[in-house]
Amino acid sequence: HRIACDARRGGWLQPAASARHLPVLERRMAQWRARGVELSLLSRGETAERLGTDAYHGALFDPRGGSLHPLRYARELAGAAMRAGARLFRRSPVRGVHRTGEGWRLATPRGELRCGAVICATNAYGDPAAMGVGRCILPVWSVQVATDPQPPALRARILKDGICASDTRRFLTYFRLDPDGRFVIGGRGAPSTRGRARAFAALGRRALALFPELEPSWRFAWGGLVALTENHLPQLVEPAPGLLLAFGYNGRGVALATAIGRVLADRLCGAEEGDLPLPLLRRPRPWPLAPWLRLQLPLATGLAALLERGAAARGR
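So the sequence shown is numbered by the numbering used here: it starts at 55 and just counts up by one.
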């Protein structure tokens, strides 16, 4: 489909924010190697050489990883779908899904739609009460900021060969250089839209702590919701024949949602349940604490931030 989305495969690093995290990375490497995937564990010096910062204690390296421009990717996927015959409708929220004799009836504010099959894949968006999804996820904000293009000399020293990274902190930090040389950094921690300004500022400070030589012209800032699940895994649910739900990507939706989209298509085209790479649930798996956590998220966010700062102060 010739998807133009600034895709680069320079490898992915998961740097250890603490020496205590290195055994976790070792176990993760062993899990992947048992499945035939060769990852490598980098020393502190090797990590500093790849990233251009000595803030980390080592890293797990996956050469298959890479980065892309998510918005361009979404638009290109939409274009490919329309060229294949799909019709897209914006600002058309579905208010009800009802079974009929021949299929399904979808109610919207502007009319009804009848169809043979339905996929609900709005993840952290949409009506949280719809089909029980709200009882299974915790929607949290993920935010990013980006600079103007950095000087060529700096770009040659940091994040070499197009590598991208996301670390092991409690509120993980992920960062990369885009093809134009902008430094992009993101993370979680804003419990609502009201906290995004503070989260943007915190990301800027974090970037300078990692890379003091950055030119901190934070020209761009944005954010969106991610859906967390209790076991950090997505759910694929078929409550009835012809009705599929997919959600809970835990911040990894760009890759996971694309892969699961193919699984959903295969299922609707007749793939047997046993041939699917994920278990197909009959009802969403609830997260009993999710409603309570929504109410307590600002408190939990603040507590986690305090723990993070305490660990950093102890040098661990």
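Ideal placement from N, C-alpha and C gives every residue a C-beta, glycine not left out.
Exercise for the section: Select from Arg89, Arg144, Arg321, Gly157 the residue whose C-alpha is nearest the C-alpha of alanine 171. Expected result: Gly157
Problem - glycine 106 versus Ile217, Ala256, Thr283, residue with shortest Cα-Cα distance - result: Ile217
Practice task
Compare the Cα-Cα distances from arginine 230 to each of Arg211, Arg248, Ala325 and report the closest residue.
Solution key: Arg211
Handout entry: Minimum length 3: unbroken beta strand (DSSP E) runs contained in the region 194-239
Key = 218-220, 227-231
Practice task
Check the C-beta distance from tryptophan 195 over to leucine 257 and give it rounded, since I have them as a contact under 8 Å.
Solution key: Their Cβ separation, rounded to whole angstroms, is 12 Å, which puts tryptophan 195 and leucine 257 out of contact at 8 Å.
Practice task
On the DSSP bridge assignment, give the partners of isoleucine 173 in chain order.
Solution key: Leu298
Exercise for the section: Starting from valine 280, follow the beta strand (DSSP E) in both directions and report where the run begins and ends. Expected result: 272-282
Problem - Bridge partner(s) assigned by DSSP for threonine 162 - result: Gly165
Practice task
Check whether the Cβ atoms of proline 288 and glycine 302 sit closer than 7 Å, and answer yes or no.
Solution key: yes
Handout entry: Inside the region 75-116 only - beta strand (DSSP E) runs reaching at least 3 residues
Key = Listed in chain order, the complete beta strand (DSSP E) runs (minimum 3 residues) inside the region 75-116 are 94-96, 113-116.
Practice task
Identify which residue in Leu114, Thr283, Pro270, Ala73 has its Cα closest to the Cα of asparagine 177.
Solution key: Thr283
Exercise for the section: Apply the 10 Å Cβ neighbour rule to glycine 112 and answer buried if 16 or more other Cβ atoms are within range, or exposed otherwise. Expected result: buried
Practice task
Following the continuous alpha helix (DSSP H) through proline 69, name the residue where it begins and the one where it ends.
Solution key: Run containing proline 69: none in the alpha helix (DSSP H); it sits in the beta strand (DSSP E), 66-69.
Exercise for the section: Quick one: measure Cβ to Cβ for valine 187 and leucine 299, integer angstroms, because I've assumed they're closer than 8 Å. Expected result: Sure, about 7 Å apart at Cβ, within 8 Å.
Practice task
Determine the closest residue to glycine 133 out of Ala58, Ala275, Asp234, Leu330, with distance taken between C-alpha atoms.
Solution key: Ala58
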